[in-house]
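Residue numbers (my numbering), protein chains in the order written: chain A, 1 to 348; chain B, 349 to 600.
Don't be surprised by glycine CBs; every beta carbon is placed ideally from N, CA and C.
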Amino acid sequence: MALSPPIGGANEGGLRRRAWWVAVAGVLALVALVWRIPGAAQGVVPGELPARLAAATTIFLGIFLEAIPFLLLGVLVSAAIHLWVSPESIRRLIPRAPLPAALAGVLCGLTILPVCECGTVPATRRLLAKGAPLPFGVAYLLAAPAINPVAIASTWIAFNGNPLFVGGRVALTLLVALIVALLLGTDAPERVLLPAAPGDHHDHEHDHGGRGARRLLALARHANDEFFEMARYLIAGAGLAALLQAFIPREALLALGQGPIWSVAALMALAVILSICSTVDAFVALGFAFAFSPGAVLAFLVFGPMIDLKSILLFGTIFRRRAVVALVGLTAIWVAAGALAVNLFAGG
Amino acid sequence: MNAAFAATPDQRPDRPGRLLARCRDLLEVAILAGTGAMLLQKALGGALSFYLHPRYTGLVVASGGALLLLAAARGRQALGHPGGMARRRGGYAVLLLPVLLGLLVPARPLAWSGPSAAVPGGLDAPFAGSSPEGDPRGWTIAQWRSALREAGDAPGALRGREAEVVGFVRHDARYPFDGFFVARFVIVHCVVDAVGTNLPVSWPAGGQLPPDGWVRVRGRLGTLTLDGRDRPALIASGVEPIALPRDPYLFR
Chain A
1 MALSPPIGGA NEGGLRRRAW WVAVAGVLAL VALVWRIPGA AQGVVPGELP
51 ARLAAATTIF LGIFLEAIPF LLLGVLVSAA IHLWVSPESI RRLIPRAPLP
101 AALAGVLCGL TILPVCECGT VPATRRLLAK GAPLPFGVAY LLAAPAINPV
151 AIASTWIAFN GNPLFVGGRV ALTLLVALIV ALLLGTDAPE RVLLPAAPGD
201 HHDHEHDHGG RGARRLLALA RHANDEFFEM ARYLIAGAGL AALLQAFIPR
251 EALLALGQGP IWSVAALMAL AVILSICSTV DAFVALGFAF AFSPGAVLAF
301 LVFGPMIDLK SILLFGTIFR RRAVVALVGL TAIWVAAGAL AVNLFAGG
Chain B
349 MNAAFAATPD QRPDRPGRLL ARCRDLLEVA ILAGTGAMLL QKALGGALSF
399 YLHPRYTGLV VASGGALLLL AAARGRQALG HPGGMARRRG GYAVLLLPVL
449 LGLLVPARPL AWSGPSAAVP GGLDAPFAGS SPEGDPRGWT IAQWRSALRE
499 AGDAPGALRG REAEVVGFVR HDARYPFDGF FVARFVIVHC VVDAVGTNLP
549 VSWPAGGQLP PDGWVRVRGR LGTLTLDGRD RPALIASGVE PIALPRDPYL
599 FR
């Protein structure tokens, strides 16, 4: 009579330890192999790429390298929320009424990491899945990239504390985030949000390495799932932004933007295409201050952190397609309205 | 796009199914580890400054390390539970793109001959730099441009002052003259916000210098007539080709 292999106990613990070492060794071997690709530091593609393609590659890698730390932070936060924040806690901490929920979302943008859309999208997705009200999620998503302390500080430095741009950026961001959150929040969540992913992962591993080790493994598992879900949208958005910047002259777009109305539209379009991180876009906006109306510069500062090529694709992981269109459209309308009002009253 | 990326569970896979699941496991580990390796290689190999401000090196290194840890965890997960995990469908080609581009394409900084019209920084483009201080011989192109802008785009008190700048060669067919432009990109955060800045250089046969080649220019500030206007320019006493510098950009 054949004996079945023993289950549980020391034998299983030994197999798991070997699995760890095999996994680590495999990863290190892969890294060593990659590092030793002939001329990896110099690249192996012979000759020079056509100039614009080379520029697109450089810009794409720049966007990717800039964004990946924040995406990783976002997926770790999202995984932590998934594992350790209960729906009951969400219901207890976040108001259910639309306006208080939206205000809570905006306030979270001031205080809670991560700062740009690469990080806020995974976190928002997880909070909404745990039962956070829709106005809270939309307000946090739109406001967090622009009104976090780092973005406010960089705007202050770039514009020498000019209240029109520093205060205007915060005020218009708050206003637009609240309005859009309340407008979208009136719709039923099932009409706005994508259905939840089919259950949590059923993980049959029982790591007896200790409570801490088990928690870290679970965190890594869920972070991996989030990473594979989010990263492809970041990469697609970065690729599109890079191609547009390399092949469409920026000056052509800027040349269209003369006058108090078209200047607002031109800089809003440029903000979407450039997809610059909100922590430094103030310095880029400063370069436009000489040639464009104050309202147009403000529109660049407010619209860019909310809506760009990366975030439009990332929103598709949370919202249904028509909701993404509504989100982008409503945000554009209200930012433009605010910017035009600034031009009208402040002169531009 | 979401439908293509939805996860589907494998239920009691047969041999081809198990093989496919194993391949997916390996691919996901390779994507995570390859991306982490690419980040570390860029940061520790010195090429990161072609894409990002050097102050973000630590963040990129930490991200590379985190990805390697995630790769190890994914590998352990796959070894401990072969063929029984929920699987993602598709999109792996997109996820491999940064790894392949980062490792296989030579790292090169932005060149003006690439998106030349896509980057503001022509002769008359405004440059919002800070006021320079100290000996002008140590000024960069960006600092010269700031100083000249403050002086109303005229040499003024700076006429005749010695200058020594490093930059790449740029030719502009709109401004034919016996010389070239010496240029640099100024970035705040990453190449996405790059703004070009340049100075005309009077130098015999300067028009024959290869575009995007790096040079060190020594000379004095004077003027050149370009497009019917007198413009501040470097009257070069020496132009020396140099290798691509480790930090090709000027940082704000």
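- Rounded to whole angstroms, the gap between the alpha carbons of Gly295(A) and Gly576(B) is 35 Å.
- For Arg566(B), no alpha helix (DSSP H) run applies; the uninterrupted beta strand (DSSP E) run containing it begins and ends at 562-574, by DSSP.
- Leu380(B) and Leu418(B) have their alpha carbons spaced roughly 7 Å apart.
- Neighbours of Cys277(A) in chain B, taken as residues whose beta carbon is under 7 Å from its own, are His537 in chain order.
- Annotated as proximal: Gly338(A) and Leu172(A), with beta-carbon spacing under 8 Å.
- Per DSSP, Asp578(B) is one residue of the beta strand (DSSP E) stretching across 577-589.
- Nearest in C-alpha terms to Ile590(B), of all of Ala581(B), Arg566(B), Pro446(B), Pro580(B), is Arg566(B).
- Here Cys116(A) carries a coil assignment [DSSP, helix/strand/coil].
- Within its own chain, the residues whose Cβ lies closer than 8 Å to the Cβ of Ala299(A), once the five positions on either side in sequence are excluded, are Val264, Leu267, Met268, Ala271, Val335, Ala336, Gly338, Ala339, listed in chain order.
- Under the three-pair Cβ rule at 8 Å, the segment 73-82 of chain A counts as touching the segment 222-241 of chain A.
- When beta bridges are read from the DSSP output, Phe516(B) appears opposite Ala531(B), Trp562(B).
- In the displayed model, Val453(B) falls within coil according to three-state DSSP, outside both helix and strand.
- A straight-line Cα-Cα distance of about 25 Å links Arg91(A) and Leu314(A).
- Ser86(A) counts as exposed, since fewer than 16 other C-beta atoms from the protein chains shown sit within 10 angstroms of its C-beta.
- The way I'd put it, the segment 367-375 of chain B doesn't touch the segment 497-517 of chain B; fewer than three beta-carbon pairs between them come closer than 8 Å.
- Classified as buried, Ser397(B) has 16 or more neighbouring CB atoms from the shown chains inside 10 Å of its CB.
- Under the three-state reduction of DSSP output, Val302(A) falls in the helix class.
- Apart from sequence neighbours up to five positions away, the residues of its chain that approach His401(B) with a beta-carbon distance below 8 Å are Ile535, Val536, His537, Cys538, Phe599, ordered along the chain.
- Contact with chain B is absent for Gly295(A), since none of that chain's Cβ atoms lies less than 8 Å from the residue's Cβ.
- Ile81(A) sits close to Ala123(A), with the two beta carbons spaced by under 8 Å.
- For Gly544(B), the enclosing beta strand (DSSP E) covers residues 543-550.
- Check the Cα spacing between Gly555(B) and each of Leu569(B), Pro503(B), Val513(B), Phe528(B): the tightest is with Phe528(B).
- With a beta-carbon spacing of about 6 Å, Arg320(A) and Val192(A) fall inside the 8 Å limit used to define contacts.
- At least 8 Å separates the beta-carbon of Ala246(A) from that of Ile63(A).
- Against chain A, the CB of Asp541(B) has a partner CB under 8 Å away; the residue lies at that interface.
- Interface annotation, Ala420(B): in contact with chain A, CB-CB separation under 8 Å.
- In the DSSP assignment, Leu172(A) falls within the unbroken alpha helix (DSSP H) covering 163-185.
- Contact between Val442(B) and Thr383(B) is ruled out by a C-beta separation of about 12 Å, above the 8 Å threshold.
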